[in-house]
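**Student:** Take the sequence shown: its letters are residues -27 to -1, 1 to 125, numbered as in mature numbering (1 follows the signal peptide of the UniProt record, and there is no 0).
Just so it is clear, CB atoms sit at the ideal spot from N, CA and C, and this is done for glycine as well.
A quick note: this is a predicted structure, and the numbers were derived from the prediction, not measured.
Below are the structure tokens for one structure; questions will follow.
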Amino acid sequence: MRKTLAAAATLGLAGLAVIVPTSGAQAATPCDNAWNSATNGYFYAYANDNCSGYLGSAEGADSNWGNSQGSFQGGDTNNAESILHKGTSGLAVQVFNGTGEDWAGGHTCIKKSEYYMSSLNGFSFTSGYDVDNEISSHRWVAEGSCGKFLDS
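So, in structure tokens, the structure goes:
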């Protein structure tokens, strides 16, 4: 009798597992995959949503994504649709819709704790301009230097 009850209980639990799958094994998103394969200490930008269409990466600042002097080159300016932060310093990455080392113009930041933004659509700089396809420069700053964050 005990074997019969044990077998029935086991079958009942097995049947429940088919009906209600566990949530622990979720598929990784494209940005999760990009973050896992990114080099520590770098900021990345992508031409498409979901961290695809690699534009460039930088360990330091780049005051003009449209020239050929920094990590980002020529056509990279105003083309980012997703970004990834794999810094190790704890600093935020401040992105601008302007260029130059005066760091003027509208900006917004991505915190180290945000890891990435799979889409910049719907976010704006402090100037009110859209962030999607409008980033022209970036630098690493303390979170206190950010007037706006992408998660807000």
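1. Under 8 Å, do S118 and G73 count as touching if we go by C-beta distance?
2. Taking the alpha carbon of A31 as the reference point, which residue from E54, V66 and H80 has its own alpha carbon closest?
3. For the structure I just gave you, are there three or more beta carbon pairs, one from the stretch 78 to 94 and one from the stretch 40 to 52, closer than 8 Å?
4. Kindly identify the DSSP beta-bridge partner or partners of S30.
5. So T81 and F122 are in contact, right, with Cβ under 8 Å, and what is the actual spacing, rounded?
6. Taking a contact to mean a Cβ-Cβ separation below 8 Å, would you say Y19 touches A11 in this structure?
7. What would DSSP say about G120, mapped onto helix, strand or coil?
8. Who does Y89 pair with in a DSSP beta bridge?
9. Rounded to whole angstroms, how far is the Cβ of G14 from the Cβ of K59, which I believe are closer than 8 Å?
10. Would you say A115 and L57 are within 8 Å of each other, going by their C-beta atoms?
11. Which same chain residues end up closer than 7 Å to A34 when comparing Cβ atoms and leaving out the 5 residues on each side of it in sequence?
12. Mind checking which residues open and close the alpha helix (DSSP H) that includes W8?
**Tutor:** Inspection of the coordinates gives the following:
1. no
2. V66
3. no
4. Y17
5. 7 Å
6. no
7. It is coil, neither helix nor strand.
8. L57
9. Confirmed, about 7 Å.
10. no
11. Counting only Cβ-Cβ distances below 7 Å, and skipping sequence neighbours, we find H111, R112 and W113.
12. P3 to S10
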